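**Q** Here's a structure for you.
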Ligand SMILES: [Zn+2]
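In this note's numbering, the protein residues as written are 1 to 292.
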């Protein structure tokens, strides 16, 4: 098996893309271990429906799987803003893919494409694209393939760092679902790099997140990667800001104290994602990117 960020896309026609640098800064080589998870699939279909959309690249009509709004029942949150749902994982269905031309993007970005980018896809994706049939119900492994296709499209079209970062963050979440910690870390690191670049160079809001939320998220990603100095810098900037809403400030305070406590006690730092079943910030985080 090929190794790298785009591993798994070889059978779809892309076998010469393993050395692409997402942000033209770094490259990573890691073994890709994708396991299939098939449990608890039986009822998922009732939360899904087909939706017709037009591909902005080749103008084909395509049918995409979509999650019914009634399926969004929040179960818990994790400290990097991953929202878990009770009935179905809507992140599995977040990438829309045109089987005619190979164009793929997260659904909120799907129609946000310029003429010059369409040409890049026609020249660099479509000639290589091999059609792919997916089952009606997706799982984390399918989602990983589809997010990687979207990521490849973002790279080919020279999209903004925020798009690549968000795609990488969701890839990290999907690898978390299948407990592939090595790949999860690779994509968390790429997300941190991308959100940091977006923080410095892009306008807000970014995917519904204001500047403080992006600062918190970047800090939290760096914390989980063990980059405590960078994490503290971002958390501290959130904590001292006058305009930041209380919920994000509280989250930054909590994670900042977590680092300080581990530093003081010289314990092994707790770098794991913090999981919460509490609903204290549910509405806020759900609004950010609940996948709708
Ligand atoms: Zn198309």
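In this text, a Cβ means the ideal position worked out from N, Cα and C, and glycines have one as well. Quick caveat, the model's predicted, so the values are computed rather than measured.
Terminal residues of the continuous alpha helix (DSSP H) containing residue 173?
**A** 161-177 is the span of the alpha helix (DSSP H), which, as asked, contains residue 173.
**Q** Since I believe residue 154 is in contact with residue 164 (beta carbons under 8 Å), could you give me their beta-carbon distance rounded to a whole number of angstroms?
**A** Going by Cβ atoms, the distance from residue 164 to residue 154 rounds to 5 Å, so yes, they are a contact pair.
**Q** Beta-carbon within less than 7 Å of residue 134's beta-carbon, same chain only, minus the 5 sequence neighbours each way: which residues are those?
**A** 142.
**Q** Find out if the Cβ-Cβ distance for the pair residue 106, residue 160 is shorter than 9 Å.
**A** No, they are not a contact pair.
**Q** Taking 9 Å as the cut-off, decide whether the C-beta atoms of residue 204 and residue 218 are in contact.
**A** No, the Cβ-Cβ distance between residue 204 and residue 218 is not below 9 Å.
**Q** Any heavy atom of ligand 1 closer than 8 Å to the Cβ of residue 102?
**A** At least one heavy atom of ligand 1 is nearer than 8 Å to the Cβ of residue 102, so yes.
**Q** With distances taken between CB atoms, is the gap from residue 104 to residue 146 smaller than 9 Å?
**A** Contact flag set, yes.
**Q** Is residue 40 helix, strand or coil when you go by DSSP?
**A** In this prediction, residue 40 scores a pLDDT of 45, lower than 50, which makes its location untrustworthy; no coordinate-derived value is stated.
**Q** In whole angstroms, give me the CA-to-CA distance for residue 20 and residue 101.
**A** The alpha-carbon atoms of residue 20 and residue 101 are separated by roughly 21 Å.
**Q** Could you tell me the distance, in whole angstroms, from the CA atom of residue 88 to the CA atom of residue 255?
**A** Computed Cα separation, rounded: 29 Å.
**Q** Candidates 179, 69 and 22: which alpha carbon is nearest residue 46's?
**A** Closest by alpha carbon: 69.
**Q** Does residue 229 pass the burial test, meaning 16 or more other C-beta atoms within 10 Å, or should it be called exposed?
**A** Residue 229 comes out exposed.
**Q** Between the alpha carbons of residue 139 and residue 92, how many angstroms are there, rounded?
**A** So the two alpha carbons sit approximately 6 Å from each other.
**Q** Have a look at residue 131 and residue 235 and give me their C-alpha separation to the nearest angstrom.
**A** Each residue's Cα considered, the two are about 45 Å apart.
**Q** Please name the residue or residues paired with residue 76 in a DSSP beta bridge.
**A** Per DSSP, 84.
**Q** Roughly how many angstroms separate the alpha carbons of residue 71 and residue 178, rounded to a whole number?
**A** Between residue 71 and residue 178, the C-alpha separation is close to 22 Å.
**Q** Go through its chain and collect everything with a Cβ distance to residue 58's Cβ below 6 Å, but skip five positions before and after it.
**A** So the list reads 100 and 101, once near-sequence residues are dropped.
**Q** Identify which residue in 96, 16, 241 and 248 has its Cα closest to the Cα of residue 55.
**A** The option with the nearest alpha carbon to residue 55 is 96.
**Q** I need the boundaries of the beta strand (DSSP E) containing residue 63, first residue and last residue.
**A** Here the beta strand (DSSP E) through residue 63 covers 61-67.
**Q** Does DSSP classify residue 276 as helix, strand or coil?
**A** Strand, per DSSP.
**Q** Opposite residue 5 in the DSSP bridges: which residues?
**A** The partner list for residue 5 (beta bridge, DSSP) is empty, contrary to what the question assumes.
**Q** With residue 133 as the anchor, note down where its alpha helix (DSSP H) starts and where it stops.
**A** Premise fails: residue 133 is in no alpha helix (DSSP H) and is neither H nor E.
**Q** Tell me which same chain residues have a C-beta within less than 8 Å of the C-beta of residue 167, skipping the five on either side of it?
**A** Result list for residue 167: 106, 147, 150, 151 and 154, in chain order.
**Q** Just checking my contact of residue 80 with residue 273 at CB under 8 Å: how many whole Å lie between their CB atoms?
**A** With a Cβ gap of about 6 Å, residue 80 and residue 273 count as contacting.
**Q** Find out if the Cβ-Cβ distance for the pair residue 243, residue 212 is shorter than 9 Å.
**A** Going by C-beta atoms, residue 243 is nearer than 9 Å to residue 212.
**Q** Among all the DSSP beta bridges, which residues are the ones paired with residue 99?
**A** Answer by DSSP bridge pairing: none, since residue 99 is not bridged.
**Q** Could you check how far apart the C-beta atoms of residue 202 and residue 162 are, in whole angstroms? I think they sit under 8 Å.
**A** Yes, they are in contact, since the Cβ atoms of residue 202 and residue 162 sit about 6 Å apart, within 8 Å.
**Q** Give the DSSP-derived three-state secondary structure of residue 48 in the structure shown.
**A** Strand at residue 48.
**Q** Can you find the residues in the same chain that come closer than 6 Å, C-beta to C-beta, to residue 124, ignoring five residues on each side of it along the sequence?
**A** Contacts found: 156.
**Q** Going by other Cβ atoms of all chains shown within 10 Å of its Cβ, with 16 needed for buried, is residue 224 buried or exposed?
**A** Buried, since its Cβ has 16 or more Cβ neighbours within 10 Å.
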